[in-house]
Every structure is written in C-alpha cells, then in structure tokens.
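Take any residue in the sequence shown, note its place counting from 1, add 2, and you have its number in my numbering.
Note that CB positions come from ideal geometry on N, CA and C, so glycine has one too.
Reviewing the structure listed below.
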Amino acid sequence: MNFTKFPRRHYLQGPTPIEAMPSLSKVMGGEVTLYVKRDDLLPGAAGGNKTRKLEFCIADALEKGADTIVTCGAIQSNHARLTAAWSAKEGLACHLILEERVKGSYKKDASGNNFLFELLGVKSITVVTAGSDMMAQMEKKAAELTSAGKIPYLIPVGASNDIGALGYAVCAEEIMAQLNEMRLPIDHMVVPSGSAGTHAGLVVGMTGVNGGIPISGMNVSRGKEAQEGLVFDLAVKTAEKLGLGDRIKREDIVCFDQYVGPGYSLPTEDMVKAVNLFAQNEAILLDPVYSGKAAAGLIDLIRKGHFKKGSNILFVHTGGSPALYAYLDTFR
Ligand SMILES: *Cc1c(COP(=O)(O)O)cnc(C)c1O
C-alpha cells in the first residue's frame, strides 16, 4: 500500500512491540497462545491508538493551514486527550466538545483523561447532553472561532473518518511485517470496535497486504448489526482512498456485542476480571471502556472454545489506561 500520497506527520518511533503473553495463556488453560500488539505504548501523552490516526488527521489540518483543532468525544475520551497532546506539540490550539453519555457523569475536577485535558492546555471544553449532534456542535464552535479570526479544523469523534483510518491500515502492514520477521503464524486478531476507525483500518490494511488473518471486533457501545455496518462503510471508503477498489467484503467485518454490558463506558464484572487478569499475569494495564471489555470478550470466546485448539491469537491493545484512575470505585 502506498501511503506517501497522503499528508502525514511523524509521530511513531517505529513499530510497537508484539509480545507473547505466556502467563495469561497458561491461566486461560493453554489451549490457545495469546499475543498482544502494544499500541498502548504508542507515543503521545500516555499512549493509545489515536496517535496513529492523528498522524494523518493533524497533517491534513496543517496542510489546510489550520491553527486550531476542534474535536469531540465522551467525557473520558482518550481521543480528546491525544488530540490535545499532539495539538500542544504542533503549536495548535485545541477545543473539545464532550458528550455526557451518562447523565450527571461529567465532573469538572474528575481524574483520568479529564484531568489531562486541562494539563495539556486545551483552550475550551464544552459539555453537551447525550445524543447531541456532535458534528453540529463542532461546527458551531468552529463558526465562533472563525469569526474570532482563527482557522479551525474539525476532527470527528475518534478521528474515525477515511483519513484517520489510514493509520490503522498502516498498522496492519506493520503487524504483517513483524509476523513475517518473527515467523509467527497468527490465526486470529481481536480488537475493540468503537467509532470504527481502528477496526475498519485494520481490515483494509489486512486486505491490502493479503494477510488473510480474520479480525474480530469487540463492540463497546452498539449492537452487532449497527457496528458491522459502521465499520464496513468506513472500510469501503478507506479502501477506495488506497486504490483497493471493491475488495472489502461485508463478511470480512465481524463484531461481537455480548460484552458491552449496560452501555458505553459502564463497567461490567467481566471487564473488571479481564483488567485484573492482564495486570496480574502480564503487567499490562487495560482500560475500563475499550480494551477491558474487548479482553473480556476474548477471554469468554476462549472459554467457550470459539478458537481452534492450538490457535495463535493476537490481541490489539489500543491503550486507554489513564481512564482507570476515573474508575477507582469500580476496581476497589
Ligand atoms: C478510541 C479507542 C478505541 C476504539 O477505537 P475506534 O477507532 O474508536 O473504534 C479502543 N481503545 C481505546 C483505548 C480507545 O481510546
């Protein structure tokens, strides 16, 4: 795949590690062997998947002459944190629109990512009610900024458009190169599926390199049909950008919605167990909203015998550990 024709900043310092998880594999009964792609170790304040997408989105903003970034997310958004971080590094002003998806949950003095927004110097935080039209809210902010003489650039929720998703097509190519180098045959990949750019980008990239490794998305908010549709539409758009035509097949998009629990960002017992298992066996910090629920799904599927005995499974760790500090009551 040729990524050189797209504006791109240089935020990565090389491939993130692929590590074996021998202790966790053993605890899980040893029927499958678990590996992890450490995208939680990506550069950017406290790491995580949005850095790959922002290499492309912020480069596009700079190319268009922007001096200000406006983005949106949930109240503990890792995407908002990383957008604030890379904006600070690039000398761009950053404004956030945060959706209070759970009524009454926004606390100005909360810990976790919420504290980091402030520390990273965001210029404003606007909290809006659940179900608000986030694009309209961002446009409203952009209009204000424009009349104040600024040049704003909007990044959609999760940087999940066909620009940001390129970052995860890159990641698929990176993973395939590492697996070839390691001579490691992976049978299955598992990744959290939220605003869809990560999942869509990985599917596009895996198609582009003819890797043939099936990818399962673990939903964090939507039902199966809705999420698969969202991922598919974005994958098709991203594939077009990369000249992959109509090679994305609907059946390549597979999502599981059994691990969402009561809703986005709301804790589940299995998430808490998964976060503890990863911490205590592999010294890996997951997060309560995305990787923790995806890991809960991975663990359940292993227990149910979903993967063939002897399979090698790669879990894509998308980061998010700062959110743990906003969930102390859940874990103690
Ligand atoms: C945003 C995010 C995801 C989900 O990625 P999408 O591209 O939005 O689907 C997963 N894990 C973490 C930690 C995130 O912040």
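- [ ] Tell me where the beta strand (DSSP E) around N221 begins and ends.
- [x] Walking along the sequence shown from the start, residue 221 turns up at place 219. Counting along the chain, the beta strand (DSSP E) containing N221 begins and ends at 217-221.
- [ ] Go to V206, then tell me how far its alpha helix (DSSP H) extends in each direction, as first and last residue.
- [x] The residue you call residue 206 lines up with position 204 of the sequence shown. DSSP places V206 inside the alpha helix (DSSP H), whose first and last residues are 199-210.
TODO: Could you tell me how far apart the beta carbons of V291 and S323 are, in whole angstroms, since I believe they sit closer than 8 Å?
DONE: Numbered from 1 along the sequence shown, position 289 holds the residue referred to as residue 291. Numbered from 1 along the sequence shown, position 321 holds the residue referred to as residue 323. About 11 Å separates the two Cβ atoms, so there is no contact after all.
Open item on the list: Can you determine whether any heavy atom of ligand 1 sits closer than 6 Å to the C-beta of T209, and answer yes or no?
Closed with: The residue labelled residue 209 in the question sits at position 207 within the sequence shown. T209 Cβ: outside cutoff for every heavy atom of ligand 1.
Open item on the list: I'd like the list of long-range same chain contacts for P17, defined as Cβ closer than 7 Å, with 5 residues on each side in sequence excluded.
Closed with: Within the sequence shown, numbered from 1, the residue matching residue 17 stands at position 15. Excluding positions up to five away in sequence, the list reads E176, Q180.
- [ ] Just the C-alpha distance for L232 and N163, rounded to the nearest angstrom, thanks.
- [x] If you number the sequence shown from 1, residue 232 lands on position 230. If you number the sequence shown from 1, residue 163 lands on position 161. Each residue's Cα considered, the two are about 11 Å apart.
TODO: Pick out whichever of Y13, H12, L36 has its Cα sitting closest to the Cα of I301.
DONE: Taking the sequence shown and counting its residues from 1, the one referred to as residue 301 is at position 299. The shortest C-alpha separation from I301 is found at L36.
Open item on the list: I want to know whether the region 188-207 touches the region 302-322 - three or more CB-CB distances under 8 Å.
Closed with: yes
- [ ] With DSSP collapsed to three states, give me the class of N2.
- [x] One cannot answer for residue 2 here, as it falls past the ends of the chain, which runs 3 to 334.
Task: Heavy atom of ligand 1 within 6 Å of H319 beta-carbon - done: As a first step, residue 319 must be located in the sequence shown, where it is residue number 317. Outside the cutoff, so no.
TODO: With a 10 Å radius around its C-beta and 16 neighbouring C-beta atoms as the bar for buried, classify S126 as buried or exposed.
DONE: Within the sequence shown, numbered from 1, the residue matching residue 126 stands at position 124. It counts as exposed.
TODO: Compute the Euclidean distance between the alpha carbons of D272 and A298, then round it to the nearest angstrom.
DONE: Residue numbering aside, residue 272 sits at position 270 when the sequence shown is read from its first letter. Residue numbering aside, residue 298 sits at position 296 when the sequence shown is read from its first letter. Inter-residue distance for D272 and A298 is about 5 Å (C-alpha atoms, whole angstroms).
- [ ] Could you check the C-alpha separation between D111 and F117 for me, to the nearest Å?
- [x] One-based indexing of the sequence shown puts residue 111 at position 109. One-based indexing of the sequence shown puts residue 117 at position 115. Roughly 7 Å separates the two Cα atoms.
Task: Between the CA atoms of M220 and D259 - distance to the nearest angstrom - done: As a first step, residue 259 is located in the sequence shown; it is residue number 257 there, counting from the start. As a first step, residue 220 is located in the sequence shown; it is residue number 218 there, counting from the start. So the two alpha carbons sit approximately 7 Å from each other.
TODO: Excluding the 5 residues preceding and the 5 following K239 in the sequence, name in chain order all residues of the same chain whose CB lies nearer than 6 Å to its CB.
DONE: Here the question's residue 239 lines up with position 237 in the sequence shown. So the list reads D164, once near-sequence residues are dropped.
- [ ] Compute the beta-carbon to beta-carbon distance between L326 and D289, rounded to the nearest angstrom, for a pair I have assumed lies under 8 Å.
- [x] Locating residue 326 in the sequence shown gives position 324, where the first residue counts as 1. Locating residue 289 in the sequence shown gives position 287, where the first residue counts as 1. Their Cβ separation, rounded to whole angstroms, is 6 Å, which keeps L326 and D289 in contact under 8 Å.
Task: Inter-residue Cα distance where the pair is L147 and S313 - done: Start at 1 with the first residue of the sequence shown, and residue 147 comes out as number 145. Start at 1 with the first residue of the sequence shown, and residue 313 comes out as number 311. Roughly 53 Å separates the two Cα atoms.
Open item on the list: Can you list, in chain order, the residues of its chain with a C-beta nearer than 8 Å to that of H319? Leave out the 5 residues immediately preceding and following it.
Closed with: Counting from 1 along the sequence shown, the entry for residue 319 is found at position 317. Cβ neighbours of H319 beyond the five flanking positions: V38, K39, R40, D41, D42, I286, L288, S293.
Task: N283 versus F309: straight-line alpha-carbon distance, rounded - done: Taking the first residue of the sequence shown as 1, we reach residue 283 at position 281. Taking the first residue of the sequence shown as 1, we reach residue 309 at position 307. Looking at the two C-alpha atoms, the distance is approximately 21 Å.
- [ ] Go ahead and label T6 buried or exposed: buried means 16 or more other beta carbons lie within 10 angstroms of its beta carbon, across all protein chains shown.
- [x] Looking up residue 6 in the sequence shown gives position 4. T6 should be labelled exposed.
TODO: Kindly indicate which residue of C173, V124, T53 has the alpha-carbon position closest to the one of R11.
DONE: Taking the sequence shown and counting its residues from 1, one reaches residue 11 at position 9. That would be T53, whose Cα lies nearest to the Cα of R11.
TODO: Take K142 as the anchor and find which of L156, G133, Q229, A132 has the nearest alpha-carbon.
DONE: Within the sequence shown, residue 142 is the residue found at index 140, counting from 1. Checked all of L156, G133, Q229, A132; the closest Cα to K142 is L156.
Task: Reduced DSSP category for G321 - H, G, I as helix; E, B as strand; rest coil - done: Numbered from 1 along the sequence shown, position 319 holds the residue referred to as residue 321. In the structure shown, G321 sits in coil (DSSP, three-state: anything other than H, G, I, E or B).
- [ ] Classify S149 as buried or exposed, calling it buried when 16 or more other Cβ atoms lie within 10 Å of its own Cβ.
- [x] For the purposes of this step, residue 149 is taken as residue 147 along the sequence shown, with counting starting at 1. Per the 10 Å Cβ criterion, exposed.
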